[in-house]
Structures are given as C-alpha cells and as structure tokens.
Amino acid sequence: SQTIHQWPATLVQPVGSPLSLECTVEGTSNPNLYWYRQAAGRGLQLLFYSVGIGQISSEVPQNLSASRPQDRQFILSSKKLLLSDSGFYLCAWSVRGRPGTTSSGANVLTFGAGSRLTVL
Amino acid sequence: GDSVTQMEGPVTLSEEAFLTINCTYTATGYPSLFWYVQYPGEGLQLLLKATKADDKGSNKGFEATYRKETTSFHLEKGSVQVSDSAVYFCALGNYGQNFVFGPGTRLSVLP
C-alpha cells in the first residue's frame, strides 16, 4: 500500500532563518506531488505541484521554493523565513497523469500528516 | 475557473443531532467530488467521494449525493458523535486541473 511521510512534524524558526520540509511517498511510482499551506483558521492554499522529477509549478508568488530531486521526494524550502510563512504545511500525492480524474474515475489526493511551522 | 463554496461555520451540535454541511460547486465538464476531514493537528483524510451525477458516497455514517442539477454535494450524517468534531472540506477534481477545495467547515459536537 502507498504511504506518505513528511517531516519535521513541528518546527519553530526565527525570522530570516532557512527552511527545509521534506516529503516522501512509498508504494507508488511517478506520482504527482503537491505542497499546500493552511494558515491558522483558514482554508488550503496550493503552493507547488510537480508531475515529475525536476518539474515544479508554482501557484503563488512567495518566499518559498520547491524541488523534486527524486521521483518520490518533494522538498519545500526557503532561504529566509518571514513571519507570514507561519502555518501548517501539507504534502500530498495523487496518481500520475492529469489531475482530477483517471480512466477509472476519481483521482484521489492523499495527504501527509502535516508540518506545523512557527516563525518568531 | 472551477470553484467550491461551502458554509464556513463554525457549526455546533449536540451529540446525536442531525448534520448537514452544504457544498455547491461551479465547474465545466464532469468533475469528481470529495469530502475530506481534518482532525485537530492532523492532515486531511478522504471521507467519501463521488465520480458522476447521482452517485452517493458514504463512509462512517456520512453520506453525500452528487447532484448535477443543483451543482451540490451536501454532507449529511444522521447522528453525530463527539468524535466527529473536525474541519470538513468539500473538494472538486476536474480533468486536467488541480483539485479545488472549499474553505472548510469547523464542526464541534458537544456531549
């Protein structure tokens, strides 16, 4: 079965420090990978998605970047954190191909447990 | 583009009360519809899904029916429990596009 791991679970960082959040998926090949952010009491904001190694699409301009060095690894980074970067970061994966549907029906988005970042 | 609208709440109910969380969508084509649940401090979990009109998704006593004529996918449960307290997200997946999520509805169930 497929599993998704992300770490660290909790992180407290000072303003101006770097960030690295890591996500890995097991039990599947060539997944689509996603990074979402959830600010306190708010909904989900898609930050980045990737359909393959080295292929990153950014949904919003921001202080963050993403990389996909291996097929099942997705990394969220920042060189200098801002207070506004605080939030709950969620990694997710789906079956490769065009998102939203597959030939068999719904393409499901599966989330990791999340990483809570507090920038002080 | 595609969008999802849902009541934001918070919704507060007593245990064993009936739950309805409304969700409507705007989309081209034939999207798939989902309900996700987020328990405190955790990631989102898929609760149920429906892939075509008139499909009913169900899980853990929750149900939602894909209504194309009213572009709705309302979540219902006949008798909620304290353990159902969470945030519920309605979502849409359409061909060739990224998933679209509603703002989430916080549900609190009191004993």
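Those sequence lines, one after another, are chains A and B.
Taking this note's numbering, I'd label the letters of the first sequence as residues 1 to 120.
Taking this note's numbering, I'd label the letters of the second sequence as residues 1001 to 1111.
C-beta atoms are modelled at their ideal positions from N, C-alpha and C, and glycine is treated no differently.
How many Å lie between residue 1059 of chain B and residue 17 of chain A at the Cα? 43 Å
Can you list, in chain order, the residues of the region 1100-1111 of chain B whose Cβ is nearer than 8 Å to any Cβ on chain A? 1101, 1102, 1103, 1104
Does the region 1061-1074 of chain B come within contact of the region 1007-1016 of chain B, defined as at least 3 CB pairs closer than 8 Å? no
Step through the CB atoms of chain B and report whether any lies within less than 8 Å of the CB of residue 64 of chain A. no
Just curious, the beta strand (DSSP E) that residue 68 of chain A is in, first and last residue? 65-70
Between the C-alpha atoms of residue 11 of chain A and residue 1039 of chain B, what's the straight-line distance to the nearest angstrom? 20 Å
So is residue 1098 of chain B buried or exposed if we call it buried at 16+ other beta carbons inside 10 Å? buried
Going along chain B in order, which residues have a C-beta closer than 7 Å to the C-beta of residue 109 of chain A? 1099
Option nearest residue 1108 of chain B by Cα separation, candidates B:1102, B:1092, B:1080: B:1080
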